[in-house]
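There are 2 protein chains.
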Amino acid sequence: MRIVVLAGGIGGARFLRGLRRAVPDAEITVVGNTGDDIHLFGLKVCPDLDTVMYTLGGGIHEEQGWGREGETFAVKEELAAYGVGPEWFGLGDRDFATHIVRTQMLGAGYPLSAVTEALCARWKPGVRLLPMTDDRVETHVAIDVDGERRAVHFQEYWVKLRASVDALAVVPVGAEAAKPAPGVLDAIAGADVILFPPSNPVVSVGTILAVPGIREAVAAAPAPVVGLSPLVGGAPVRGMADKVLAAVGVESTAQAVARHYGADLIDGWLVDTVDADAVAAVEEAGIACRAVPLMMTDEDATAAMARAALALAEEVRA
Amino acid sequence: MRIVVLAGGIGGARFLRGLRRAVPDAEITVVGNTGDDIHLFGLKVCPDLDTVMYTLGGGIHEEQGWGREGETFAVKEELAAYGVGPEWFGLGDRDFATHIVRTQMLGAGYPLSAVTEALCARWKPGVRLLPMTDDRVETHVAIDVDGERRAVHFQEYWVKLRASVDALAVVPVGAEAAKPAPGVLDAIAGADVILFPPSNPVVSVGTILAVPGIREAVAAAPAPVVGLSPLVGGAPVRGMADKVLAAVGVESTAQAVARHYGADLIDGWLVDTVDADAVAAVEEAGIACRAVPLMMTDEDATAAMARAALALAEEVRA
Chain A
9 MRIVVLAGGI GGARFLRGLR RAVPDAEITV VGNTGDDIHL FGLKVCPDLD TVMYTLGGGI
69 HEEQGWGREG ETFAVKEELA AYGVGPEWFG LGDRDFATHI VRTQMLGAGY PLSAVTEALC
129 ARWKPGVRLL PMTDDRVETH VAIDVDGERR AVHFQEYWVK LRASVDALAV VPVGAEAAKP
189 APGVLDAIAG ADVILFPPSN PVVSVGTILA VPGIREAVAA APAPVVGLSP LVGGAPVRGM
249 ADKVLAAVGV ESTAQAVARH YGADLIDGWL VDTVDADAVA AVEEAGIACR AVPLMMTDED
309 ATAAMARAAL ALAEEVRA
Chain B
9 MRIVVLAGGI GGARFLRGLR RAVPDAEITV VGNTGDDIHL FGLKVCPDLD TVMYTLGGGI
69 HEEQGWGREG ETFAVKEELA AYGVGPEWFG LGDRDFATHI VRTQMLGAGY PLSAVTEALC
129 ARWKPGVRLL PMTDDRVETH VAIDVDGERR AVHFQEYWVK LRASVDALAV VPVGAEAAKP
189 APGVLDAIAG ADVILFPPSN PVVSVGTILA VPGIREAVAA APAPVVGLSP LVGGAPVRGM
249 ADKVLAAVGV ESTAQAVARH YGADLIDGWL VDTVDADAVA AVEEAGIACR AVPLMMTDED
309 ATAAMARAAL ALAEEVRA
C-alpha cells in the first residue's frame, strides 16, 4: 500500500509514527511543509522537515515535540555573547549540526530534496520524506503593530509572539512561483491513500497545497483523501491553529475545517468523539465523516487513529 | 608608543600577551595571518586571528594554546554522525559560534576586517587586530604522495598529517592578487616599532609579508623592525617550523631565520641564550643581535622578552 501524507511539524510527525506502526509494510511518502523554514545565523533551518525526521528517526525531544533529545546550548549562548540573535528561537548544539550540514550542501548546489534525502540517510525515518518544494517559500503573517499593518515571518509570529496578537492574513511568500519537489506529484498520482494528518490546516497543510500543482494533484488523484481534525472540542489539540484559522475566515471547529478543505479535495474526515455532533454537518458537505478518539496520547492511540483513517479511506473507495 | 606586530597563531598570541603587559599604554596593532584560514562545513574559520583574539580576550584553552576553554563537542559529534568531515579539525561548540557569526557577516557583505572588529568588540583583546588582507589567501603545501606531487591545504598538512612528510613547497595561493586590509599599511608606516614575534617565519610572518605591499611597507617604514627567533637550540620552540623552513631552503637555526628575513627587512634580532654563539653571525649580516631567554614559560618571562625586543629597537634607532 502506497500512502501519501501531507505533514506539518509536531502533529504530523506524531501521526506518522502511529501510521508506521499501524501499517509497517506500507510505503509511506511524506510531503513536508517548508513554509516555516527560516534562515537563522546564516543557516537554513527547516523546522517541520526536521521534526518529522527526528521523530521518526528516534532523535526527537519527546516532551517538547521538536528539537533533539539531550540537547546542550553552547553555540546559542556564545551567539548571544556576541550579541547575535534572535534569542527566541531555541537551537541546540545537536540541532545546529543538522542546519550546518544542510546549509553546506545547499551552498554546494544540492536542492533541498537531495539534502533532505542525505540527512535521512542517517535518521532512517522509515518513510520517504520530500519537501513540498525545492524553491524558497516563507510563510509570513500580517499583524497590527500600533495601528500599522506589518508582516512578520511565521516563526516570529508563532515562537516569538506566541500568536498573542491576531493574524490579519497568512501569506506563503514565494509559493505562487514554486514548483513541487521532484517526486511529489508522482507520489500523489500513484498513491493508494492520501492522508491529511491533524496538522495545522492553514500554515502546514494549507501551505503545502499552496504550491501550484499540489492541490490540483490531490484533487485529481484516484486515491481516497482522508483528513483528521486538528481541532477537538472547538480548540486546537496543540499549537494556536485557531489564530491562523481566523485569519482565513474559518471557525475553529472540526466541521469548519472539513468544509474549508472542501469535498473537491477530501473524501473523508475524522472528528473526535467529543465532536460527534459535527458528523452530520460534514457529511452534508459531501464528505464522509466518522467520530473516533483523536488524542495522540501514545503510539497505540495514534496507530488506532491511523487505522480509522485508512478504514474510512476504504469505505469511501468502495 | 605605536607598535605593529605581524602575528601568527599560538606563538604570536602569547607574545602579544607579554607585550601588552610590558607596555600597557602602548597602542598595539596586530596584523594577523589569514593564510591558514579554511572553510570547514561551509563556515569560514580563521585559526590565527581567533587564537590572538581568544588569547588576549581571556577565552583561550590555555594548555592547548588554541580553541576555547571549557569546550564541548556536540556539533562535531553530530556532524560525524552525519558522515560529514573532516574529523581531524577540532572545532568545539563555542568555537563554532565564532565561525557562524563570521560566516553570516561575510555572507551579508562585510569584509573580514569589519567582521574581525565586530568579533573583537566582544573579546576586547586590548589591541587592534587587523587581518593581513580582506581577500582570500590559502597557504597550500606541496607534498609527495606515492611519487606524485600533490598540494594540500596548510591545515591538512599541519593538523591532519602533523607535518609528518616533507614539505616540498609552501605556496600562499591568492596572495599575489591580495591587497592589504584597510589600516595595515598606515599602521606600518606610522609605527614607532615593528615586531616579528616568535611566529613561524614561513607560514605565519612569511605569508603576511607575501601580500603585495606589506613587505615593502615594513622595509620602508621609519620604525626599527625587531624579530624574535622562533627557533631555540636549532629546533622550533613549538610547532614544526623546521619542516616548512626546509621547503624554502632555510636551515632550522636562529641565525638562518634572521638571514632569511634579511637586513633589508629587519634591523634587530633576538636569539635565545642557548644560541649566543649565533649573535656574531647575525650581526655579520648587518642585523643587530642580542641573546636573551626566549622561552615563553609564563607571562612574566614573555613580558621580559617583549621589553628586550623594545630595548633592542631603541638601540638600533639610536
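From first to last, the protein sequence lines stand for chains A and B.
When you number the first sequence by this note's numbering, it's gap-free, plus one each residue, and the end is 326.
When you number the second sequence by this note's numbering, it's gap-free, plus one each residue, and the end is 326.
Cβ coordinates follow ideal geometry from the N, Cα and C atoms, glycine included.
- By the Cβ neighbour-count rule, residue 28 (chain B) is buried, with 16 or more other Cβ atoms within 10 Å of its own.
- Pairing residue 13 (chain B) with residue 222 (chain B) gives a Cβ-Cβ distance that is not under 9 Å.
- In terms of CA proximity to residue 312 (chain B), B:25 leads the group B:10, B:256, B:25 and B:18.
- Not a single CB atom of chain B sits nearer than 9 Å to the CB of residue 292 (chain A).
- When DSSP states are grouped into helix, strand and coil, residue 36 (chain A) belongs to the strand group.
- Residues of chain A whose Cβ lies closer than 9 Å to the Cβ of residue 86 (chain B) are, in chain order, 76, 101, 102, 103, 104, 105, 106, 108 and 109.
- When Cβ pairs closer than 8 Å are counted between the two stretches, the region 135-150 of chain A is seen to touch the region 180-194 of chain A, the count reaching three or more.
- Between residue 180 (chain A) and residue 270 (chain A), the beta carbon gap of about 18 Å keeps them out of contact (Cβ cut-off 8 Å).
- What residue 49 (chain B) touches in chain A, judged by beta-carbon distance under 7 Å, is 108 and 112, going in chain order.
- By the Cβ neighbour-count rule, residue 157 (chain A) is exposed, with fewer than 16 other Cβ atoms within 10 Å of its own.
- Residue 290 (chain A) and residue 296 (chain A) have their C-alpha atoms spaced approximately 7 Å apart.
- Shown here, residue 132 (chain B) sits in coil according to DSSP, grouped into three states, outside any helix or strand.
- Put simply, the backbone Cα of residue 87 (chain B) is about 8 Å away from that of residue 106 (chain A).
- By the Cβ neighbour-count rule, residue 316 (chain B) is buried, with 16 or more other Cβ atoms within 10 Å of its own.
- Around the beta carbon of residue 121 (chain B), 16 or more other beta carbons sit within 10 angstroms, so the residue counts as buried.
- When C-beta distances to chain B are compared with 9 Å, the residues of the region 117-150 of chain A below that value are 126, 127, 129 and 130, in chain order.
- Look at residue 90 (chain A): its C-beta is under 9 Å from a C-beta on chain B.
- If you draw a 10 Å sphere on the C-beta of residue 72 (chain B), you find fewer than 16 other C-beta atoms in it, and that means exposed.
- Annotation for residue 234 (chain B): 203, 276, 317, 320 and 321 place their beta carbon closer than 6 Å to its own, counting only its chain and skipping 5 residues before and after.
- Among the residues of the region 53-74 of chain B, none has a Cβ less than 8 Å away from any Cβ of chain A.
- Secondary structure of residue 49 (chain B) (DSSP, three-state): coil.
- Between the region 69-83 of chain A and the region 247-259 of chain A there are fewer than three inter-stretch CB-CB distances shorter than 8 Å, so the stretches are not counted as touching.
- The three-state secondary structure of residue 147 (chain B), taken from DSSP, is strand.
- Contact between residue 237 (chain A) and residue 15 (chain A) fails: their C-beta atoms lie close to 15 Å from each other, not under 8 Å.
- In the structure shown, residue 95 (chain A) falls within a coil segment according to DSSP collapsed to helix, strand and coil.
- Any Cβ of chain B closer than 9 Å to the Cβ of residue 93 (chain A) would place that residue at the interface, and such an atom is absent.
- Interface residue (Cβ-Cβ distance to chain B less than 9 Å): residue 115 (chain A) is classified as such.
- Under the three-state reduction of DSSP output, residue 156 (chain B) falls in the strand class.
- Distances from the CA of residue 326 (chain B) to each of B:306, B:230 and B:212 were compared; the closest alpha carbon is that of B:230.
- Taking a 10 Å sphere around the C-beta of residue 84 (chain A), we find 16 or more other C-beta atoms and assign the residue as buried.
- What residue 80 (chain B) touches in chain A, judged by beta-carbon distance under 8 Å, is 80, 82 and 101, going in chain order.
- Looking at the backbone, the Cα of residue 211 (chain B) and that of residue 147 (chain B) are separated by about 7 Å.
- Secondary structure note for residue 299 (chain B): its beta strand (DSSP E) is the uninterrupted segment 296-299.
- The beta carbon of residue 81 (chain A) is closer than 6 Å to those of 100 in its chain, skipping five residues each way along the sequence.
- Annotated three-state conformation of residue 324 (chain B) is helix, per DSSP.
- Note that the C-beta distance between residue 263 (chain B) and residue 252 (chain B) is not below 9 Å.
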